[in-house]
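In our numbering, the protein residues as written are 41 to 214. Every residue gets a Cβ at the ideal spot worked out from N, C-alpha and C, and that includes glycine. These numbers were taken from a predicted model, which means no experiment stands behind them.
Structural data, given as C-alpha cells:
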C-alpha cells in the first residue's frame, strides 16, 4: 500500500475514533437535559471539585462534567495511535533541520494549548465575546465542548503522528 493510501486510512481511523470519543459527551448532555440533579452528577462534582476545569456559571453542572471528560482526549488519541503507528508517514522532501524545527515549534504550541485548556481554570461567562455567547445556551455550550474535545484529540493525534513520522524519516537518513 502506498503512503497516501496508508495516510488516508489512518485519517479515516482517526476520525472514527474521534466520533466514538464524542459520543459520551452527547450521552452526558442528554442525561443532563433529562435530569440535571441526578446523584451521578453530584457524585462526580463532589469527587473532582479540586480539578482545573472550564466552567460556565450559567450551566455549572454540565460544563464541569464535560470539562472533566475533555481531559481524556489526549489519552484516547494516544491509545488509538498505538494501533496504527506503524502505518504513519510524513513527507520526506523536507530537510532534517526544517523537520526538527517544525517538530519543536509544534511541541511548544501543543504544550501551551494543552496547559491552557486542560490544566487551567476558565470561566466562560467572563471570557471573550465568543465564549460568553457559547456559555449562554446549553446547545452552544455543547458545541463548544465538542469542538474543544475534537481539537485537543486531533492536536494530540497529530503530535504523535509527527513524532513517529519524524523519527522514521530521520532514521532513514542516518
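query, result
"By DSSP, does residue 214 sit in helix, in strand, or in coil?", "coil"
"DSSP has residue 94 in a bridge; who is on the other side?", "162"
"For residue 190, which option in 79, 105, 57, 48 has the closest C-alpha, if you only look at C-alpha atoms?", "57"
"Pick out whichever of 207, 143, 79 has its Cα sitting closest to the Cα of residue 195.", "143"
"Can you tell me the Cβ-Cβ gap for residue 119 and residue 105, rounded? I've got them flagged as a contact below 8 Å.", "The pair is not a contact, with the Cβ atoms about 22 Å apart (cut-off 8 Å)."
"Can you give the Cα-Cα distance for residue 176 and residue 169, rounded to whole angstroms?", "11 Å"
"Is the CB-CB distance between residue 129 and residue 205 below 7 Å?", "yes"
"Going by the CB atoms, is the gap between residue 164 and residue 158 shorter than 7 Å?", "no"
"By the DSSP assignment, the alpha helix (DSSP H) with residue 107 in it spans what residues?", "100 to 110"
"Any idea what DSSP makes of residue 78, helix, strand or coil?", "coil"
"Within 10 angstroms of the Cβ of residue 91, are there 16 or more other Cβ atoms? Answer buried if so, exposed if not.", "exposed"
"Do residue 59 and residue 121 count as a contact pair if the criterion is CB distance below 7 Å?", "no"
"Report the three-state DSSP secondary structure of residue 88 (helix, strand or coil).", "coil"
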